[in-house]
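Be aware that the sequence shown starts at 1, since it is given in the UniProt record's numbering, and climbs by one per residue. Ideal Cβ placement from N, Cα and C applies to all residues, glycine included. Predicted model only: the values in this text are computed from it and were never measured. Reading through the structure tokens given below for one structure.
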Amino acid sequence: MLCLINALRSDQNLFPVVYHNKLIQLAQEHAEYQSTHQAVTHVDSAGQIGDRLTRLGFQWSVLAENVGAGAPNVTAMMNVWVKSPRHLANILHPDIKYLGAGVSKGYWVQDFAAPLKNEHNLLKEKIETCPSTSNPTIYT
């Protein structure tokens, strides 16, 4: 998913995003919640994305979330999101730095965030837009 997102962002002359452990955890937990409740939703028992991310200790300045269901693979789900202006706007938000993605039984989640401006910036000056290994750089 990271490679597809960063290819889209590159086409728009936007900086790439990188995975972040807290966002991965957030997205996976929310995908599992949706799967358990068989509902596509931005709200779960812990609240909305901002509530959930704050609970994990991430101090954020910008947040966005894409949710969906029914796609058989990541490419199919990305195609659905790209055709939706609101979802595409989240993917192409110029201020986001980090990505977390999760899937559970056909329920998909993308969580995007940028840290507070005064937070230490963990991004490298130059990063690969699509990791050449199966273990992309992940920040904690």
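| Query | Result |
| --- | --- |
| Taking only the alpha-carbon atoms, compute the straight-line gap between W81 and Y107 and give it to the nearest angstrom. | 13 Å |
| From S104, M77, L2 and Q34, pick the residue whose C-alpha is nearest to that of H20; which is it? | L2 |
| L99 lies in the beta strand (DSSP E); which residues open and close that run? | Y98 to S104 |
| Just checking my contact of V62 with D111 at CB under 8 Å: how many whole Å lie between their CB atoms? | The pair is not a contact, with the Cβ atoms about 12 Å apart (cut-off 8 Å). |
| Keeping to the same chain, check which residues put their C-beta closer than 7 Å to that of E32; ignore five residues upstream and five downstream. | S104 |
| Express the C-alpha separation of A7 and P16 in angstroms, rounding to a whole number. | 8 Å |
| Keeping to the same chain, check which residues put their C-beta closer than 8 Å to that of K117; ignore five residues upstream and five downstream. | S61 |
| Which residue from A64, T75, P72 and N73 puts its Cα closest to that of A89? | A64 |
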